[in-house]
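Asks: Numbering (my numbering), first residue to last: 51 to 222.
Where a beta carbon is used, it is the ideal one built from N, C-alpha and C, also for glycine.
Have a look at this one.
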């Protein structure tokens, strides 16, 4: 039987090409801190209307709805009935670790109230301390009591209906 012959998968590389490859690799490592965010994975996210004090000052009490829209832009939301208030809402969230759920750190609501004549009667700024946290993305507010998901509600409902199951029914 003859000897097995292997063909090399690698072609010879000159010393100059090898040193160039090493130099490029070393230099690309120097720039990695910018790509990695200086090794700080935290991130601050601002969503919504960023309140500009100069724009607010240009809308004094007595201004019309049109003046408010020109100075502040379209509101985030309006009052439910008769548009008697415009609300400009912003939230600041912070993510401390990559892929972590952002946590609410600040919330501001600029409320512009109108009278029956369509003129500004009051301008108010509300912050996180003034009310409940409201998630403007999912449009939910936290409720009091126990937080249950859909599956746990089904299991609890079934256990109340079936007295034979552990923890179910009152055995009457």
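Just tell me which of 147, 167, 164 and 165 has its CA closest to the CA of residue 94.
Replies: Comparing Cα positions, the closest option is 147.
Asks: Out of 169, 171 and 123, which has the shortest C-alpha to C-alpha gap to residue 98?
Replies: Closest option to residue 98, Cα to Cα, is 123.
Asks: Can you tell which of 164, 176, 172 and 180 has its C-alpha closest to the C-alpha of residue 131?
Replies: Nearest C-alpha to residue 131: 164.
Asks: Contact between the region 97 to 113 and the region 168 to 179: three or more CB pairs below 8 Å?
Replies: The region 97 to 113 is in contact with the region 168 to 179.
Asks: Per DSSP, what kind of secondary structure is residue 150 in: helix, strand or coil?
Replies: Residue 150 falls in the coil class under three-state DSSP.
Asks: Going by alpha carbons, who is nearest to residue 126 out of 153, 138, 179 and 118?
Replies: Answer by Cα proximity: 138.
Asks: Determine whether the beta carbon atoms of residue 105 and residue 121 lie at a separation below 7 Å.
Replies: Yes. Within cutoff.
Asks: State the beta-bridge partners of residue 114 as determined by DSSP.
Replies: In DSSP, residue 114 forms a bridge with 169.
Asks: For residue 96, which of 103, 116, 142 and 159 has the nearest alpha-carbon?
Replies: For the residues 103, 116, 142 and 159, the minimum Cα distance to residue 96 belongs to 142.
Asks: Once DSSP output is grouped into helix, strand and coil, what is the label at residue 156?
Replies: Residue 156: strand per DSSP, three-state reduction.
Asks: Taking all protein chains shown into account, decide if residue 85 is buried (16 or more other Cβ within 10 angstroms of its Cβ) or exposed.
Replies: Unreliable placement is indicated for residue 85, whose pLDDT of 49 sits below 50; the coordinate value is still reported in the next sentence. So residue 85 counts as exposed.
Asks: Just to confirm before moving on: does the CB-CB distance between residue 118 and residue 162 stay below 7 Å?
Replies: It is a contact, given that the beta carbons lie within the stated cut-off.
Asks: Rounding to the nearest angstrom, what Cα-Cα distance links residue 136 and residue 166 in this structure?
Replies: If you take the alpha carbons of residue 136 and residue 166, they lie about 14 Å apart.
Asks: Would you tell me roughly how many angstroms separate the C-alpha atoms of residue 151 and residue 91, rounded to the nearest one?
Replies: The straight-line gap from Cα to Cα measures roughly 13 Å.
Asks: What does a CB cutoff of less than 7 Å around residue 134 pick up in its chain, not counting 5 residues either side in sequence?
Replies: These residues qualify, in order along the chain: 163 and 164.
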